[in-house]
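Chains E and D, in that order, give the protein sequences. Heads up: the first sequence runs through residues 3 to 504, numbered per this note's numbering. Heads up: the second sequence runs through residues 3 to 504, numbered per this note's numbering. Cβ atoms here follow ideal geometry from the backbone N, Cα and C, with glycine treated the same way.
Number of protein chains: 2
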Amino acid sequence: MSIQDNYKTLLEKSKRVIIYGTVSSLLGWDFETKMPPKGGKQRSVQFSTLATDMHKMIIDPEGGKLLNVIKEDENYSSLSKEQQRNIYLIKKEYDKATKLPTELVSEIAQLQILGVETWKKAKEAKDYSIFKPMLEKILDLQKKKAHYLDPNKDPYDVLIDTFEPKMDSVMITKLFDELKAGLVPLIKKIQAAEKQPDISLLRRSVPIELQEKLSDDLAKVVNYDLEKGRIDTTEHPFTTGYFDDVRITTHYYENEFDNSFFSVVHEAGHAIYEQNISQEYIYQPIGQMSSLGIHESQSRFIENIVCRSKNFWEYYFPRFNELTKGIFADIDLKAFIHAINMVKPSKIRVTADEVTYSIHVIIRFEIERDLISGKLTLDELPAAWNQKYKEYLNVDIQDDSEGVLQDTHWAGGAFGYFPTYALGNIYNAHMLHVLRNDLPNYDELVRTGNLKPIIEWMTEKVHRPSNLYDPADLMKRITGESVNPQYFIDYLNKKYAELYNF
Amino acid sequence: MSIQDNYKTLLEKSKRVIIYGTVSSLLGWDFETKMPPKGGKQRSVQFSTLATDMHKMIIDPEGGKLLNVIKEDENYSSLSKEQQRNIYLIKKEYDKATKLPTELVSEIAQLQILGVETWKKAKEAKDYSIFKPMLEKILDLQKKKAHYLDPNKDPYDVLIDTFEPKMDSVMITKLFDELKAGLVPLIKKIQAAEKQPDISLLRRSVPIELQEKLSDDLAKVVNYDLEKGRIDTTEHPFTTGYFDDVRITTHYYENEFDNSFFSVVHEAGHAIYEQNISQEYIYQPIGQMSSLGIHESQSRFIENIVCRSKNFWEYYFPRFNELTKGIFADIDLKAFIHAINMVKPSKIRVTADEVTYSIHVIIRFEIERDLISGKLTLDELPAAWNQKYKEYLNVDIQDDSEGVLQDTHWAGGAFGYFPTYALGNIYNAHMLHVLRNDLPNYDELVRTGNLKPIIEWMTEKVHRPSNLYDPADLMKRITGESVNPQYFIDYLNKKYAELYNF
Chain E
3 MSIQDNYKTL
13 LEKSKRVIIY
23 GTVSSLLGWD
33 FETKMPPKGG
43 KQRSVQFSTL
53 ATDMHKMIID
63 PEGGKLLNVI
73 KEDENYSSLS
83 KEQQRNIYLI
93 KKEYDKATKL
103 PTELVSEIAQ
113 LQILGVETWK
123 KAKEAKDYSI
133 FKPMLEKILD
143 LQKKKAHYLD
153 PNKDPYDVLI
163 DTFEPKMDSV
173 MITKLFDELK
183 AGLVPLIKKI
193 QAAEKQPDIS
203 LLRRSVPIEL
213 QEKLSDDLAK
223 VVNYDLEKGR
233 IDTTEHPFTT
243 GYFDDVRITT
253 HYYENEFDNS
263 FFSVVHEAGH
273 AIYEQNISQE
283 YIYQPIGQMS
293 SLGIHESQSR
303 FIENIVCRSK
313 NFWEYYFPRF
323 NELTKGIFAD
333 IDLKAFIHAI
343 NMVKPSKIRV
353 TADEVTYSIH
363 VIIRFEIERD
373 LISGKLTLDE
383 LPAAWNQKYK
393 EYLNVDIQDD
403 SEGVLQDTHW
413 AGGAFGYFPT
423 YALGNIYNAH
433 MLHVLRNDLP
443 NYDELVRTGN
453 LKPIIEWMTE
463 KVHRPSNLYD
473 PADLMKRITG
483 ESVNPQYFID
493 YLNKKYAELY
503 NF
Chain D
3 MSIQDNYKTL
13 LEKSKRVIIY
23 GTVSSLLGWD
33 FETKMPPKGG
43 KQRSVQFSTL
53 ATDMHKMIID
63 PEGGKLLNVI
73 KEDENYSSLS
83 KEQQRNIYLI
93 KKEYDKATKL
103 PTELVSEIAQ
113 LQILGVETWK
123 KAKEAKDYSI
133 FKPMLEKILD
143 LQKKKAHYLD
153 PNKDPYDVLI
163 DTFEPKMDSV
173 MITKLFDELK
183 AGLVPLIKKI
193 QAAEKQPDIS
203 LLRRSVPIEL
213 QEKLSDDLAK
223 VVNYDLEKGR
233 IDTTEHPFTT
243 GYFDDVRITT
253 HYYENEFDNS
263 FFSVVHEAGH
273 AIYEQNISQE
283 YIYQPIGQMS
293 SLGIHESQSR
303 FIENIVCRSK
313 NFWEYYFPRF
323 NELTKGIFAD
333 IDLKAFIHAI
343 NMVKPSKIRV
353 TADEVTYSIH
363 VIIRFEIERD
373 LISGKLTLDE
383 LPAAWNQKYK
393 EYLNVDIQDD
403 SEGVLQDTHW
413 AGGAFGYFPT
423 YALGNIYNAH
433 MLHVLRNDLP
443 NYDELVRTGN
453 LKPIIEWMTE
463 KVHRPSNLYD
473 PADLMKRITG
483 ESVNPQYFID
493 YLNKKYAELY
503 NF
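Right under this line is the structure:
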């Protein structure tokens with residue numbers, strides 16, 4: 003068998019897993035949006051059947067053998083860059099799956115469900131102590147998992163790598179320290195500013211059917227192709243799907259049009275990434291996302307950098323007024339833009355504004371890191387949480403439900419996930435810097451609602467290469483330098499100085 | 003390994019295929035109802051991946067070995083009736099799948115798509131000659147398939163068995179000859195009757211949102227559990243799903259409320275069958291439908307025997323008038339009942355009434371049978387079709403699109419499928435006869451809208467045993483005698499003599 007034959011066999015196996023993944027995604031979408039109330043039992047049977055079979059396919063010894071044969075073939079270097087990267091990614095997944103003992107995998111899976119259940123109860127009771135014993139088990143299993151994956155590496159770094167390949171806590175600490183150093187004084191300036199927005203206008207009632215029309219219109223404006231997607235409603239908005247079928251969800255509240263508005267453009271940003279993956283890479287490992295951080299860079303780019311910008315609203319406000327039938331016709335455009343960009347330190351991450359959001363993430367990162375290293379104990383966790391919120395955001399946490407229990411990630415065993423949210427901000431502001439050089443008329447394009455060249459730039463730089471590069475390498479290729487948080491700090495300072503007039 | 007261990011292993015393998023089937027059904031549902039317009043390519047990749055893997059699981063030599071070991075085990079008779087039946091059904095499927103050469107299977111699959119495409123073109127052009135060469139190939143492959151499955155049996159019987167196990171063309175010919183002998187004079191009597199219904203009332207406009215409310219209400223009335231199902235819209239109504247997730251579709255036309263009304267109760271009848279399969283049999287071969295004919299008996303029972311009956315409308319008409327906000331308030335109940343039971347020989351099967359419907363099916367059966375035996379050639383087909391429509395229904399076929407090209411079944415390679423439609427009528431009228439003995443207050447139950455005991459009777463007799471028996475055996479168990487079309491003829495004569503006053 004030639005190396006090309008072996009490669010082809012290996013790739014077909016890998017594609018099969020990815021196709022199963024798309025099937026599983028659809029089951030997940032249906033579960034969240036359309037499934038009858040009592041369909042859950044059957045759905046969990048379907049999920050676990052597919053998951054078991056996907057796992058079997060990944061750890062198939064045939065695949066392991068093929069990987070070895072290919073790696074040791076004297077013609078290895080005759081493979082293209084894309085082929086070599088596919089092999090690298092398949093091997094990485096194979097190693098990850100085969101290194102973990104089956105019992106550990108199933109223990110983690112079980113604890114994931116129990117963990118979320120217990121977390122819910124604890125959150126409701128506003129009592130961290132209910133959750134603590136469970137969190138101890140979860141943390142313990144995650145450390146074990148990290149040890150199995152790579153006993154020679156810092157366990158937290160191993161976990162980070164599963165979400166943001168080749169990032170580690172030293173790099174992130176450096177980035178986040180710089181970010182924090184830039185954000186904290188900016189937040190103080192904003193809070194001290196005399197000019198403050200009036201957000202009461204955002205609470206005006208906008209009928210759901212108008213908000214639905216807004217969603218469809220926004221999809222068009224930001225180039226989310228609804229011929230290859232659709233918008234449904236769920237309690238928590240999300241994006242799911244792949245390539246020519248990528249679906250988003252939102253949640254409509256009559257008195258919070260902005261809630262759905264920015265959810266739609268955020269999720270559309272995620273969806274655009276998936277829709278524009280290279281046709282030639284489809285169902286291949288290189289045709290998957292580069293990382294969660296890169297994915298988040300895309301959603302936050304569309305949501306914040308584009309759709310909360312002054313330029314965008316100069317274009318969109320008349321159209322917005324038309325679609326909302328004059329509900330906001332008496333509003334001054336500047337006041338409107340200021341309202342949707344209000345900065346206010348708060349306790350809850352998911353509703354945080356563009357400036358303070360990263361601080362929420364940094365707090366979680368620092369805590370995760372110190373929990374796993376043992377620098378912080380689980381007993382000290384709530385106090386450490388509350389103290390950081392006081393120190394970084396000057397916010398007083400009243401109880402655990404609005405503090406350490408607010409997010410579900412740890413309950414589900416996701417340690418190392420949080421940093422990706424803030425990395426998305428750092429990445430996309432850095433991308434914006436290059437984008438502005440490549441498209442000097444960037445402001446004009448946004449101001450005229452002509453986002454196509456901008457999306458095309460992103461497609462060329464980010465969407466199409468998808469997983470051909472790890473995130474740091476991808477950023478280097480795009481920007482010519484290492485990931486640098488200064489661009490994000492500069493972007494924020496410029497934008498908010500103008501808004502808050504300081 | 004004990005026989006019980008081997009049985010357990012074999013059953014788990016079989017369950018896996020059935021679970022995959024439920025996943026594939028959901029993909030199919032989504033394809034018809036929610037999928038974005040351009041999602042078809044990915045969906046077909048998903049479908050064919052699952053289908054290939056299901057096929058692999060079915061023909062897995064491990065399964066074949068287990069079947070042999072179990073069959074030859076000296077303790078075979080220690081297995082329960084249910085276990086033995088599961089083994090019988092698994093073996094039947096294994097034999098069917100392993101007897102067909104892979105190339106034939108893939109040829110048939112390819113021709114299925116091409117066949118439907120060509121049929122569509124021919125139907126549009128109203129020209130059978132466009133379709134004929136394709137039909138020749140399809141018929142040829144179906145004969146080959148039958149030969150591979152059982153070279154010693156009449157090929158048509160082999161094909162029938164794939165839809166209606168253990169039925170054959172001799173038995174069906176006998177049943178259908180009797181049925182025809184009963185129906186043809188009845189139709190003549192109805193046509194000759196002085197009293198004819200006025201169906202113009204059915205064309206009154208009923209807003210779609212009212213029709214949707216009617217659908218939900220009907221689900222409740224006929225005991226279709228919407229906690230385990232849902233109603234969506236598609237061009238052609240269908241039912242799909244299993245046990246605790248069984249979904250139906252309908253199609254709303256503002257000026258044809260009856261179209262959706264009777265579609266909903268028809269599909270609900272199918273859905274009730276699947277929802278009430280025995281919990282202990284779930285995902286097992288015995289927990290599947292007994293046959294297409296039995297399935298159709300359930301849909302037609304709810305649609306025709308229950309929901310087109312005088313008794314039902316005595317109960318439902320006030321509720322119907324309330325839900326339709328008085329649109330039919332001026333209509334006499336008897337006139338209404340007559341209108342929804344109008345009998346009129348026509349050219350198109352899918353829109354045929356309760357009496358003439360079976361004639362449409364008999365025509366297709368006689369033609370299929372004679373095509374496969376060679377008694378009829380493909381050149382003679384359209385003339386034979388038109389001649390039978392003239393002879394049995396006194397209807398003149400103008401062109402092939404309303405004649406031989408009206409149904410898609412043959413284009414998709416489904417020979418032996420049509421008879422199941424009329425068998426459903428024969429089965430359910432026979433069931434009704436026994437049901438009336440078991441529940442002497444049957445009429446009263448329907449007249450008061452108390453359908454629960456009736457559905458429970460069906461559940462006990464038909465739904466719960468599901469595939470524990472082949473259809474003829476199931477009928478024998480329920481009725482104590484062989485399938486007898488006379489009950490259907492009697493039922494129709496009584497009902498329509500009253501309606502048409504002869």
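Between residue i and chain D, is the shortest Cβ-Cβ distance under 8 angstroms, so that the two count as touching?
{"i": "E:Asp505", "result": "Chain E is shown from 3 up to 504; residue 505 of chain E falls before or after that span and cannot be answered."}
{"i": "E:Thr461", "result": "no"}
{"i": "E:Tyr423", "result": "no"}
{"i": "E:Gly30", "result": "no"}
{"i": "E:Arg232", "result": "yes"}
{"i": "E:Tyr244", "result": "yes"}
{"i": "E:Val25", "result": "yes"}
{"i": "E:Gly184", "result": "no"}
{"i": "E:Leu137", "result": "no"}
{"i": "E:Arg371", "result": "no"}
{"i": "E:Leu228", "result": "yes"}
{"i": "E:Gln281", "result": "no"}
{"i": "E:Leu220", "result": "no"}
{"i": "E:Arg87", "result": "no"}
{"i": "E:Lys40", "result": "yes"}
So, does the CB of residue i fall closer than 8 angstroms to a CB anywhere in chain E?
{"i": "D:Lys146", "result": "no"}
{"i": "D:Ile21", "result": "yes"}
{"i": "D:Gln44", "result": "yes"}
{"i": "D:Gly289", "result": "no"}
{"i": "D:Arg310", "result": "no"}
{"i": "D:Gln48", "result": "yes"}
{"i": "D:Thr51", "result": "yes"}
In chain C, which residues lie less than 8 angstroms from residue i when you measure between Cβ atoms?
{"i": "D:Met37", "result": "Any reference to chain C falls outside this structure, whose protein chains are E and D."}
Give a yes or no on whether the C-beta atoms belonging to residue i and residue j are separated by under 8 angstroms.
{"i": "D:Tyr429", "j": "D:Gly295", "result": "yes"}
{"i": "E:His268", "j": "E:Ile233", "result": "no"}
{"i": "E:Leu476", "j": "E:Pro487", "result": "no"}
{"i": "E:Val248", "j": "E:Ala221", "result": "no"}
{"i": "D:Asn257", "j": "D:Lys454", "result": "no"}
{"i": "D:Ile288", "j": "D:Asn88", "result": "yes"}
{"i": "E:Tyr285", "j": "E:Ile457", "result": "no"}
{"i": "E:Leu212", "j": "E:Leu335", "result": "no"}
{"i": "D:Ser217", "j": "D:Val266", "result": "yes"}
Kindly give me the distance between the Cβ atoms of residue i and residue j, rounded to whole angstroms, as I take these residues to be in contact under 8 angstroms.
{"i": "E:Tyr489", "j": "E:Val357", "result": "The Cβ separation is near 15 angstroms, so there is no contact."}
{"i": "E:Asn396", "j": "E:Pro347", "result": "6 angstroms"}
{"i": "D:Ile364", "j": "D:Leu378", "result": "Not confirmed; about 15 angstroms, so no contact."}
{"i": "E:Phe367", "j": "E:Phe178", "result": "6 angstroms"}
{"i": "E:Ser26", "j": "E:Phe49", "result": "7 angstroms"}
{"i": "E:Leu56", "j": "E:Val19", "result": "Here the sequence assigns Met to residue 56 of chain E, which means Leu is not the residue at that position. Yes, they are in contact, since the Cβ atoms of E:Met56 and E:Val19 sit about 5 angstroms apart, within 8 angstroms."}
{"i": "E:Gly418", "j": "E:Phe165", "result": "5 angstroms"}
{"i": "E:Val448", "j": "E:Asn323", "result": "At roughly 18 angstroms, the Cβ-Cβ gap does not stay under 8 angstroms, so E:Val448 and E:Asn323 are not in contact."}
Check the DSSP bridge columns for residue i and list the partner residues they point to.
{"i": "D:Ile250", "result": "D:Ile233, D:Thr241"}
For the ligand HEM, any of its heavy atoms closer than 7 angstroms to the Cβ of residue i?
{"i": "D:His297", "result": "Although the ligand HEM was asked about, the structure shown includes no ligands whatsoever."}
- Message: I want to know whether the region 323 to 337 of chain E touches the region 234 to 251 of chain E - three or more CB-CB distances under 8 angstroms.
- Response: no
- Message: Pairs of beta-carbons, one from the region 391 to 405 of chain E and one from the region 119 to 128 of chain E, closer than 8 angstroms: are there three or more?
- Response: yes
- Message: Count Cβ pairs between the region 187 to 205 of chain D and the region 414 to 433 of chain D that sit closer than 8 angstroms; are there 3 or more?
- Response: no
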